[in-house]
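Participant:
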Amino acid sequence: MEILPETVPEGFLEFLESLDEDDYKIAVPTSDTQTATTQTSLIENDIINEIYQKLDEIYLKFIRINNLSESEKKSIETIINNLRSLIIKIINSLNGQISTYNNDIADLKKKYCFL
Numbered sequence: 098m099e100i101l102p103e104t105v106p107e108g109f110l111e112f113l114e115s116l117d118e119d120d121y122k123i124a125v126p127t128s129d130t131q132t133a134t135t136q137t138s139l140i141e142n143d144i145i146n147e148i149y150q151k152l153d154e155i156y157l158k159f160i161r162i163n164n165l166s167e168s169e170k171k172s173i174e175t176i177i178n179n180l181r182s183l184i185i186k187i188i189n190s191l192n193g194q195i196s197t198y199n200n201d202i203a204d205l206k207k208k209y210c211f212l
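For the sequence shown, position 103 (counting from the first letter as 1) is numbered 200 according to the working numbering, and the numbering increases by one without interruption.
Given below as structure tokens:
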């Protein structure tokens, strides 16, 4: 999957590089008590929605500070939509791995009588 369209508005990549960590940092809840015998949580829809919201905020922030043509706006929208698709594929893959991990833990619990 190609993330960037053929034309990217001037300054957009530099803008992305200049973002502060707070502009894109997502808090993912974890448990400090997780051990090899506890199940790991799947990545839930609220985290996906937060990621989407951050992408939208980045888009709107760039739009506000630049006078863009409609084609440049469409180009950035394409990037954002491609990122969303890529993120969903990554999350689905991670959730699949987490499910396998949880199944393995359940099997170990049964086999070795862990509570």
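In this text, a Cβ means the ideal position worked out from N, Cα and C, and glycines have one as well.
Counting pairs of Cβ atoms below 8 angstroms between the stretch 148-160 and the stretch 190-203, do you hit three or more?
Facilitator: The stretch 148-160 vs the stretch 190-203: no contact.
Participant: Going by the beta-carbon positions, is the gap between residue 155 and residue 188 smaller than 9 angstroms?
Facilitator: Taking 9 angstroms as the Cβ cut-off, residue 155 and residue 188 do not qualify as a contacting pair.
Participant: Report the option in 142, 162 and 119 whose CA atom is closest to the CA atom of residue 112.
Facilitator: Ranking the options by Cα distance to residue 112, first place goes to 162.
Participant: In whole angstroms, what separates the C-alpha of residue 179 from that of residue 118?
Facilitator: Using only the alpha carbons, I get a separation of about 21 angstroms.
Participant: Just verifying my parser: in three-state terms, what is the DSSP assignment at residue 116?
Facilitator: It is coil, neither helix nor strand.
Participant: Distance check for residue 194 and residue 109, CA to CA, integer angstroms please.
Facilitator: Taking the straight line joining both Cα atoms gives about 34 angstroms.
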